[in-house]
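Here the structure comes first, spelled out in structure tokens, and everything after it is commentary.
Numbering (full-length UniProt numbering), first residue to last: 1 to 260.
Structure follows, in structure tokens:
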């Protein structure tokens, strides 16, 4: 049975063996339990299965599910007929997540991983090159955003492999990259879900100053306290502030809110 990529599932199948083998190495899959997002035709699943203890692969395409169940019958691969976004990652520690992420739902998948970081050891993900740059970007860079801060606040993020669009079938319009996200195991002294909401405010308007980003949500006396406490110039923009300082600003604002 010939299976073609479906546009409605944002499918682009990786067809380069060298890249596939590099992803397997980067995933550190040996003797580990792996969760794979969107296994597609199993091009990555197969070499992973040769080194991993087991693989749970989430797929929503019924044609692919039938194909994969036949391909990996009587193996250490379990195909789950479910959207990864609806999966329950809670309970089991040190999970490893690997996947060629569908472009259309990249943001949703990334935030699901963020919100479940306590249960994940590391993730190795194929994403659009632009998204990879955003996750790994540093301050004073146009790619630096809430996504950069959210991941770098709780993980070591690295851009591991550049993947040209010609290595996919069908060929997408943009290049991709493989990022590795290794989560810190240090207990946080702040509410991370609240922090994610704070980042939406902090980076609300790309071309405005931090003052103007904060104004719709916080009273001016509190904003002035923040700028005095952290010795921030009034014209500073959100993308100029490093991750550690943004965390401290968030904690300060939360403490001030509780005190008043």
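All residues carry an ideal CB built from backbone N, CA and C; glycine is no exception.
Who are residue i's beta bridge partners in DSSP?
i           : result
residue 99  : 37 and 125
residue 158 : 180
residue 169 : 13
residue 80  : 58
residue 120 : 95
residue 163 : 176
Please report how far the alpha carbon of residue i lies from the alpha carbon of residue j, in whole angstroms.
i           : j           : result
residue 141 : residue 122 : 25 Å
residue 189 : residue 225 : 21 Å
residue 119 : residue 53  : 18 Å
residue 101 : residue 108 : 10 Å
residue 249 : residue 114 : 20 Å
residue 32  : residue 87  : 19 Å
residue 25  : residue 48  : 9 Å
residue 185 : residue 59  : 29 Å
residue 242 : residue 254 : 19 Å
residue 132 : residue 178 : 7 Å
residue 144 : residue 70  : 44 Å
residue 35  : residue 63  : 20 Å
residue 12  : residue 168 : 6 Å
residue 104 : residue 256 : 39 Å
residue 152 : residue 216 : 26 Å
residue 5   : residue 240 : Unreliable positioning characterises residue 5 in this predicted model, as indicated by a pLDDT of 46, which lies under 50. A coordinate reading is not provided.
residue 72  : residue 116 : 28 Å
residue 22  : residue 180 : 12 Å
residue 265 : residue 218 : One cannot answer for residue 265 here, as it falls past the ends of the chain, which runs 1 to 260.
residue 17  : residue 43  : 8 Å
residue 265 : residue 89  : For the chain, the structure presents residues 1 to 260; residue 265 sits outside this window and is missing.
residue 55  : residue 187 : 28 Å
residue 165 : residue 14  : 9 Å
Exposed or buried, which one is residue i when buried takes at least 16 other CB atoms within 10 Å?
i           : result
residue 136 : buried
residue 195 : buried
residue 75  : exposed
residue 163 : buried
residue 19  : buried
residue 258 : exposed
residue 221 : exposed
residue 233 : exposed
residue 67  : buried
residue 39  : buried
residue 82  : exposed
residue 174 : exposed
residue 207 : exposed
residue 94  : exposed
Using 8 Å for Cβ pairs, my map puts residue i next to residue j. What's the rounded Cβ distance?
i           : j           : result
residue 230 : residue 245 : 7 Å
residue 198 : residue 213 : Not really, about 11 Å apart at Cβ, beyond 8 Å.
residue 98  : residue 124 : 5 Å
residue 272 : residue 85  : Given that the chain is displayed from residue 1 to residue 260, the structure contains no residue 272 and the question cannot be resolved.
residue 183 : residue 154 : 6 Å
residue 261 : residue 79  : Outside the shown range of the chain, which is 1 to 260, sits residue 261, and nothing can be said about it.
Beta strand (DSSP E) runs wholly inside the segment 175-228, at least 3 long, in chain order: Residue ranges of uninterrupted beta strand (DSSP E) with 3 or more members, entirely inside the segment 175-228 and ordered along the chain, are 176-183.
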